[in-house]
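Numbering (this note's numbering), first residue to last: 134 to 371.
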């Protein structure tokens, strides 16, 4: 079991997605295939259950058998929020405490096979790719990094041969190498995290207000894992 100690608080403007991409990069570098990863430390006090679920659900991406968090007050808060009965909530807490699964400020750090530590206040807005989730790219470096990756890609055709003609509404458009043609938000843990989805909605709304438009050759889609996401985005006006 690998212990991943989290300390600090996420900076304004960073999300659980940025955190999990940083965690994924660190765990891939460490090598955790066939291992369990338990997240611990005071940083957990500042992560919602949705944030924790985002990190735990990325276990296949960082290569572990599983990633998990201890049961604590945030778990109980979520059970109440999601409509569990008072009896069920009390039962879960009592069971976790009786089995030594409960975490609070007095809980000693477990003994792990190995440990890593991350100050989450150092995490910056991040994107992943273009091929693997552990290929972390800082957002402010995205333009230069993308251009570099495009120019370094091995090609057996000349630049002018990497263009395509796309017809939309009786108009022809030239789409060149590196053009974005698909913009999709699909079903995953990220789309079940309200803070991340609302941030995406606010970004899109502000982009539209500034006059930005989707290019006619770009296929867009929004397919979150729950209809609730679509509902609260509509209610919020984003």
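Note that the Cβ used here is the ideal one computed from N, Cα and C, for glycine as well.
Query, Result
"Where in the segment 180-238 do unbroken runs of the alpha helix (DSSP H), each at least 4 residues long, occur, reported from the N-terminal end onward?", "182-190, 192-195, 206-214 and 219-231"
"How far does the beta strand (DSSP E) with residue 297 in it extend, from its first residue to its last?", "297-301"
"Less than 9 Å between the C-beta atoms of residue 205 and residue 177, yes or no?", "yes"
"Can you check DSSP and say which residues form a bridge with residue 433?", "Given that the chain is displayed from residue 134 to residue 371, the structure contains no residue 433 and the question cannot be resolved."
"For the alpha helix (DSSP H) that contains residue 335, what are its first and last residues?", "327-342"
"Return the residue from the list 370, 165 and 329 that minimises the CA-CA distance to residue 258.", "329"
"At the level of alpha carbons, what is the spacing between residue 314 and residue 349?", "9 Å"
"Across which residues does DSSP place residue 140 in a beta bridge pair?", "252"
"Exposed or buried, what is residue 173 when buried is set at 16 or more other beta-carbons lying within 10 Å of its beta-carbon?", "buried"
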